[in-house]
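According to our numbering, the sequence shown is numbered sequentially starting from 4. Structure, as structure tokens:
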Amino acid sequence: MKLKVFLALMLGIGFFGFSAAADQGSFLQPQEAINLVLSEPLQYVGSFFPRDSESGKIPSCLYRNSKVTVLYDYCTKSESLALGLTIHSNDLSRGNIRMYAEGSGRPVSQLERPEYLRYFWKIIVRPNSKGYRADLSAKEYSDYYEVQSQDQTLGCFIAEVMNYQGTYLNCFNEFEKQLASWGPSANVFWQKPSGEWYQMQKVFRRLVEHRR
């Protein structure tokens, strides 16, 4: 339980007792989610200022195609050192996957995996929280974001965790049975991300830099 609390704090997840979706299917794999993002052009939906992002001063942008909705953090033309994005499958039973990385001295999009800060490259999959729809406006997603940020459901998670030897990979509670299917390919991707991972970062930077 102590480790779960630590992970929740590290990921910005609250502990307010929302229950997981009863119809949760198999979680999105990292590579699968990226392929869906890259399969079609993304349309800009809108932006908002999350309360937990640098005192609400840095916007997040919402993009969508027919297969996914993506929340892109640090959505500014001046690129941040950190990268955070959340990909929601439009097959709502697949939940959402969040990928987060930080670099030192240069933005993540200019770095290779070995250059990421050790404890700040992490992937988590979770069920969608109550109220999520595939057609949410940016304002509606902003309200949903507040709900999900208080949701305790962790799903599955991979990262290096301080004071834990080796890579920490686990699925929690009712999702433990997904570890066998989600874990191996997630670990391969986490250790050595694909070319599409780097391609996707460049896609989002172009979208942000050319948005008026």
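Note that the Cβ used here is the ideal one computed from N, Cα and C, for glycine as well.
Next item on the list: Assign leucine 195 to buried or exposed, taking buried as 16 or more other Cβ atoms, counted over all protein chains shown, within 10 Å of its Cβ.
Entry: The residue asked about is misnamed: residue 195 is lysine in this sequence, not leucine. Classification of lysine 195: exposed, given that the 10 Å Cβ count is below 16.
Next item on the list: Compare the C-alpha of alanine 104 against each of Asp154, Gln46, Glu163 and His91 and name the closest.
Entry: Glu163
Check: Do we get a CB-CB distance below 9 Å when we pair glutamate 177 with the residues of chain B?
Finding: Any reference to chain B falls outside this structure, which holds one protein chain only.
Checklist line | Collapsed DSSP secondary structure at lysine 195 in the structure displayed | finding: In the three-state scheme derived from DSSP, where H, G and I count as helix and E and B as strand, lysine 195 is classed as coil.
Margin query: Assuming contact is defined by CB atoms lying nearer than 9 Å, are alanine 141 and isoleucine 161 in contact in what I supplied?
Written below: No, the pair does not count as a contact, with Cβ atoms beyond the cut-off.
Next item on the list: Please work out which residues of its chain come closer than 7 Å, Cβ to Cβ, to glutamine 151, disregarding the five sequence neighbours upstream and downstream, and give them in chain order.
Entry: Ser132
Checklist line | C-beta contact flag for tyrosine 144 and valine 71 at 9 Å | finding: no
Margin query: So, for aspartate 146: in the same chain, excluding its five sequence neighbours on each side, which residues have a beta-carbon less than 8 Å away from its beta-carbon?
Written below: Gly134
Checklist line | tyrosine 122 classed as buried or exposed, judged by whether at least 16 other C-beta atoms fall within 10 angstroms | finding: exposed
Next item on the list: Would you mind stating whether glutamate 82 and serine 112 have Cβ atoms separated by less than 9 Å?
Entry: yes
Next item on the list: Let me know the secondary structure DSSP gives lysine 142 once reduced to three states.
Entry: helix
Check: What residue from Tyr171, Asn68 and Val206 has the CA that sits closest to glycine 186's CA?
Finding: Nearest option by C-alpha distance: Tyr171.
Notebook entry, point to check: Which runs of the alpha helix (DSSP H) fall wholly inside the region 104–164 and span at least 4 residues, in chain order?
Noted result: 141–151
Checklist line | Local Cβ density within 10 Å of lysine 180, reported as buried at 16 or more and exposed below that | finding: exposed
Margin query: Please give me, in chain order, every unbroken run of the beta strand (DSSP E) with length at least 3 that falls completely inside the region 46–77.
Written below: 46–51, 63–67 and 71–75
Note to self: Within a Cβ cutoff of 8 Å, which residues of the same chain sit near leucine 84, ignoring the five residues on either side of it in sequence?
What the structure shows: These residues qualify, in order along the chain: Glu105, Gly106, Ser107, Gly108, Arg109, Pro110 and Val111.
Notebook entry, point to check: If you draw a straight line from the alpha carbon of valine 191 to that of proline 33, how long is it in whole angstroms?
Noted result: Looking at the two C-alpha atoms, the distance is approximately 10 Å.
Item checked: Residue burial classification, glutamate 118 (beta-carbon count within 10 angstroms, cutoff 16) -> Glutamate 118 is exposed by the Cβ-count criterion.
Checklist line | Inter-residue Cα distance where the pair is glutamate 177 and glutamate 35 | finding: 23 Å
Checklist line | Euclidean distance between Cα positions of asparagine 38 and leucine 120 | finding: 25 Å
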